[in-house]
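Reading through the structure tokens given below for one structure.
In this note's numbering, the protein residues as written are 91 to 266.
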């Protein structure tokens with residue numbers, strides 16, 4: 091049954107993940123952490139941080155890790171299959187239809203309503219991760235990392251991978 095749940099969790103997350111990998115992250119969290127409880131929120135946050143630091147699509151990295159945790163090598167194959175299946179089917183079966191509708195004003199209006207919902211879900215996920223960080227690392231370490239990361243990303247325009255690597259290093263030195 092865990093194989094079927096694994097396929098369903100990643101298939102539905104990628105089917106509904108309008109906007110690609112980052113927009114799917116809250117959906118993965120809802121399935122992996124909240125619904126099936128394969129990982130807790132801290133583990134999910136750790137895996138997400140590592141997956142963001144590695145090259146390639148976030149969806150496949152999360153799928154591979156969770157699939158392995160749930161069902162070993164077979165789980166990896168099933169989770170990856172379920173991850174790429176929705177977009178593969180859409181590309182193959184619906185290309186002409188979607189290409190014809192891409193400039194349709196109704197489709198553009200629908201997108202305007204979907205994008206704020208994705209932003210809210212990502213914001214809620216960020217708040218949940220911050221709360222977990224406060225609990226695990228303490229208020230001062232968390233505040234320092236939040237401010238330092240914000241300044242590095244917004245003021246110095248440091249690449250996010252370097253910020254993630256820096257926070258991992260900080261955690262290894264001061265929190266490990």
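Cβ coordinates follow ideal geometry from the N, Cα and C atoms, glycine included.
Out of the options, point me to the one whose CA is closest to residue i's CA.
| i | options | result |
| --- | --- | --- |
| residue 143 | 257, 264, 265, 196 | 257 |
| residue 170 | 151, 206, 239 | 151 |
| residue 228 | 199, 194, 197, 265 | 265 |
| residue 261 | 231, 248, 241 | 231 |
| residue 129 | 238, 115, 159 | 159 |
Report all residues from its chain with a CB closer than 6 Å to the CB of residue i; omit the five preceding and five following residues, and keep chain order.
| i | result |
| --- | --- |
| residue 172 | 97, 100, 101 |
| residue 235 | 257 |
Cα separation between residue i and residue j?
| i | j | result |
| --- | --- | --- |
| residue 161 | residue 108 | 27 Å |
| residue 149 | residue 111 | 5 Å |
| residue 126 | residue 95 | 8 Å |
| residue 186 | residue 204 | 23 Å |
| residue 215 | residue 245 | 24 Å |
| residue 252 | residue 199 | 37 Å |
Beta-carbon within less than 8 Å of residue i's beta-carbon, same chain only, minus the 5 sequence neighbours each way: which residues are those?
| i | result |
| --- | --- |
| residue 177 | 104 |
| residue 131 | 119, 123, 218, 219, 222 |
| residue 255 | 143 |
Which of the three DSSP states, helix, strand or coil, is assigned to residue i?
| i | result |
| --- | --- |
| residue 130 | coil |
| residue 249 | coil |
| residue 240 | helix |
| residue 192 | coil |
| residue 285 | Any question about residue 285 goes unanswered here, given that the chain covers just 91 to 266. |
| residue 273 | Here the chain has residues from 91 to 266 only, and residue 273 is not among them. |
| residue 158 | helix |
| residue 185 | helix |
| residue 108 | coil |
Could one say the Cβ of residue i lies closer than 7 Å to chain B's Cβ atoms, at least one of them?
| i | result |
| --- | --- |
| residue 260 | This model lacks chain B altogether, as it is built from one protein chain only. |
Rounded to the nearest angstrom, how far is the Cβ of residue i from that of residue j, given a contact under 8 Å?
| i | j | result |
| --- | --- | --- |
| residue 155 | residue 137 | 5 Å |
| residue 113 | residue 210 | Actually they are not in contact, since the Cβ atoms of residue 113 and residue 210 sit about 11 Å apart, beyond 8 Å. |
| residue 243 | residue 250 | 7 Å |
| residue 212 | residue 140 | Actually they are not in contact, since the Cβ atoms of residue 212 and residue 140 sit about 19 Å apart, beyond 8 Å. |
Spatial neighbours of residue i within its chain, please: CB distance less than 7 Å, with the 5 preceding and 5 following residues excluded, ordered by chain position.
| i | result |
| --- | --- |
| residue 106 | 117 |
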